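I have placed the structure first, in the form of structure tokens, so that the comments after it can refer back to it.
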Amino acid sequence: MWQLDAPTLITVLTIIVSVAGIVLGSIAPSIVEGIATKTALEAMARQPEAAGDIRTTLLIAMALLESGSIYVLLIVLILVFANPLLELFVF
Amino acid sequence: MWQLDAPTLITVLTIIVSVAGIVLGSIAPSIVEGIATKTALEAMARQPEAAGDIRTTLLIAMALLESGSIYVLLIVLILVFANPLLELFVF
Amino acid sequence: MWQLDAPTLITVLTIIVSVAGIVLGSIAPSIVEGIATKTALEAMARQPEAAGDIRTTLLIAMALLESGSIYVLLIVLILVFANPLLELFVF
Amino acid sequence: MWQLDAPTLITVLTIIVSVAGIVLGSIAPSIVEGIATKTALEAMARQPEAAGDIRTTLLIAMALLESGSIYVLLIVLILVFANPLLELFVF
Amino acid sequence: MWQLDAPTLITVLTIIVSVAGIVLGSIAPSIVEGIATKTALEAMARQPEAAGDIRTTLLIAMALLESGSIYVLLIVLILVFANPLLELFVF
Numbered sequence: 001m002w003q004l005d006a007p008t009l010i011t012v013l014t015i016i017v018s019v020a021g022i023v024l025g026s027i028a029p030s031i032v033e034g035i036a037t038k039t040a041l042e043a044m045a046r047q048p049e050a051a052g053d054i055r056t057t058l059l060i061a062m063a064l065l066e067s068g069s070i071y072v073l074l075i076v077l078i079l080v081f082a083n084p085l086l087e088l089f090v091f
Numbered sequence: 001m002w003q004l005d006a007p008t009l010i011t012v013l014t015i016i017v018s019v020a021g022i023v024l025g026s027i028a029p030s031i032v033e034g035i036a037t038k039t040a041l042e043a044m045a046r047q048p049e050a051a052g053d054i055r056t057t058l059l060i061a062m063a064l065l066e067s068g069s070i071y072v073l074l075i076v077l078i079l080v081f082a083n084p085l086l087e088l089f090v091f
Numbered sequence: 001m002w003q004l005d006a007p008t009l010i011t012v013l014t015i016i017v018s019v020a021g022i023v024l025g026s027i028a029p030s031i032v033e034g035i036a037t038k039t040a041l042e043a044m045a046r047q048p049e050a051a052g053d054i055r056t057t058l059l060i061a062m063a064l065l066e067s068g069s070i071y072v073l074l075i076v077l078i079l080v081f082a083n084p085l086l087e088l089f090v091f
Numbered sequence: 001m002w003q004l005d006a007p008t009l010i011t012v013l014t015i016i017v018s019v020a021g022i023v024l025g026s027i028a029p030s031i032v033e034g035i036a037t038k039t040a041l042e043a044m045a046r047q048p049e050a051a052g053d054i055r056t057t058l059l060i061a062m063a064l065l066e067s068g069s070i071y072v073l074l075i076v077l078i079l080v081f082a083n084p085l086l087e088l089f090v091f
Numbered sequence: 001m002w003q004l005d006a007p008t009l010i011t012v013l014t015i016i017v018s019v020a021g022i023v024l025g026s027i028a029p030s031i032v033e034g035i036a037t038k039t040a041l042e043a044m045a046r047q048p049e050a051a052g053d054i055r056t057t058l059l060i061a062m063a064l065l066e067s068g069s070i071y072v073l074l075i076v077l078i079l080v081f082a083n084p085l086l087e088l089f090v091f
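Chains as they are written, first to last, in full-length UniProt numbering: chain V, 1 to 91; chain E, 1 to 91; chain A, 1 to 91; chain C, 1 to 91; chain U, 1 to 91.
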């Protein structure tokens, strides 16, 4: 007999969705950060005297790129720890 | 008869999802870190005198790239060890 | 009659998932580490005087790349040895 | 009648999974180690005077590459010799 | 009637799996060792004065490559000679 009540369904769904979300949500930021790093390193090889400028720019850019992953992490943590929709149920 | 009660379902699901998540979640960071390392080594071969700058930049960038894997690891560990939704069940 | 109770199901699942996970989880890191090694060796052939810098950079980068495999290994070991969800069952 | 009780199922599964895992798990490390060796030998032919540096780097890198296979071997040995989940059964 | 009791099933399975495993498990190491040998011989032809270095490197690398096959052999021997899971059965 396959009987799935509301709390079980919500738990199951949260587990699947949170892992899938954080996995998918960090792919795109990782790739663009990798491309940015690659370009910065190539630029340093071409203009070694500009290494300081290039590194500073890279770090600021990566901090901004990182925000993409952090938003996903934030939403997942909210869903796992403090999902306000769960108060709809009278447990 | 195939009877799967709530705790079993959640345990089974967590096992599958956590391993699948950490496997998939570490592919993209690994690849971009590999590309960054490759580029850094090539840049060193072209400009040996900039090796120090290149290495410093590579390490900072890889620490940021690593964060992609670490977010996935964090979510997986939370789900395995301290899933707060499990308190919904009256065991 | 095919009757699979909860402990059997979980054991069977853990065996399959842990081996599949560690196999799949070590493919991507292996490949990028191999590419990094290849590039380092080629860079040494081009700039033998930079061999020390290249080797140091390679080793630090590979230690970070290795972390991808280690996260997978960590999750697998947790699931095999200390799966806290198993306490949900009243054995 | 095809009746497969829990211990038989687990034994059968462990045999299949452990051999399949160790076979598949050693393919990727073998290939990248082969590529690394090939590159090292070619690099030696191009820069014979850097042979010492190249060999040292190759060996350290291969020891790290080997870790991919060793993680798989570790998980397989744990499952075969000391699967803690088997204590769930009351034999 | 086709009645397969547990010990027969396990014996049959072990025979099939161990042979299949050792055959498949030695393909990848064999191929990469062949490639490494080929490259070493070509490198010696190009730089005969580096033949000693090349040979030493090739032999150490092949010993490491061989480990892929040896892990498979180890698991197969354990399954054939000392499968600890067989103690689960009361023969």
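Where is the CB? At the ideal position from N, CA and C, for every residue including glycine.
It should be emphasised that the depicted structure is a prediction, and the values quoted were computed from it without experimental measurement.
Given this structure, state the Cα-to-Cα distance separating residue i from residue j, to the nearest angstrom.
i	j	result
V/A50	V/N83	48 angstroms
E/V32	U/P7	49 angstroms
V/L64	V/A40	16 angstroms
U/L24	U/S30	10 angstroms
V/I15	C/K38	45 angstroms
V/D5	E/V80	22 angstroms
E/I75	A/S18	18 angstroms
U/M62	U/A36	8 angstroms
E/D53	C/P48	29 angstroms
C/L77	U/V12	21 angstroms
V/I60	E/L58	15 angstroms
E/R46	C/R46	17 angstroms
V/E42	A/E42	17 angstroms
U/T9	V/L9	Note that residue 9 of chain U is Leu in the sequence shown, not Thr. Looking at the two C-alpha atoms, the distance is approximately 39 angstroms.
A/L86	C/L86	13 angstroms
Got a sec, what are the start and stop residues for the alpha helix (DSSP H) residue i sits in?
i	result
C/D53	A51 to F81
V/L13	A6 to G25
Compare the Cα-Cα distances from residue i to each of the options and report the closest residue.
i	options	result
U/V72	C/A61, C/G21 and C/I54	C/G21
U/R55	C/M62, C/V12 and C/M44	C/M44
E/G34	A/L77, A/S67, A/I78 and A/L86	A/S67
A/S69	E/I27, E/V12, E/L9 and E/T11	E/I27
Output, in chain order, the set of chain F residues within a Cβ distance shorter than 7 angstroms of residue i.
i	result
V/S30	Of the protein chains in this structure, namely V, E, A, C and U, none is chain F.
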